[in-house]
Amino acid sequence: MKIFAIAVLGLASVLCLLPFTLGEIDRYKLTLEEKGTPFLERIDVDEKQDVEVFRVPAHNDVEGVDFYHDFKMHVTVTRIVSRKVCFISELDSSMSSPGKLNRAAFRAGKLPVETESSLVMMTGPANRLLLTKEILDFCGALPIYNTEHIKVDPSNGNGTASK
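Per mature numbering (1 follows the signal peptide of the UniProt record, and there is no 0): the sequence shown = residues -23 to -1, 1 to 140.
Spelled out as structure tokens, the structure:
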């Protein structure tokens, strides 16, 4: 089964970034505008646990999605509440650690914002015994499926599994 997953980090303009700290977690509110629609993205950064959580609300024709990046386990968990499902995949190697995101968040000016999409293949249910309590709490009672990224040949639309 092939699934299109869209990681929305916006084709938008950044209006403001408001940082605040609650306990050990740094929380950010990122006000964005995409196609004339303003929305608020929330980012939680826990440097001690080496985790980031991005919460992208539904807007325009984009479903609301939450991303949990665990740098210790090298996984990304994608929660799509409207579909009542979580997907787990290998963490994108280009992702910066939480400490780098935290420092970058305070730089003056606009942050780079882009929309990414990828094709993934569901490979089966995740083994909950191998997941951390935090990942299980993030997904709650939702089913969790393992996925693999698919490289797509734009000339014919065919995909092949990549690692």
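Note that the Cβ used here is the ideal one computed from N, Cα and C, for glycine as well. Owing to the predicted nature of the structure, the values given are computational and were not obtained by experimental measurement.
In the DSSP annotation of this structure, PHE16 is not part of any alpha helix (DSSP H); the continuous beta strand (DSSP E) holding it starts and ends at 14 to 23. Shown here, LYS110 sits in a helix according to DSSP, grouped into three states. Sequence-distant Cβ neighbours of GLU40 in its own chain, meaning closer than 7 Å and more than five residues away, are ILE57 and SER59. Taking C-alpha positions only, ARG4 is separated from MET99 by approximately 31 Å. Per DSSP, VAL58 is not a residue of any beta strand (DSSP E), being assigned neither H nor E. For a cut-off of 8 Å, the C-beta gap from ASP23 to LYS49 is around 11 Å, too long to register as a contact.
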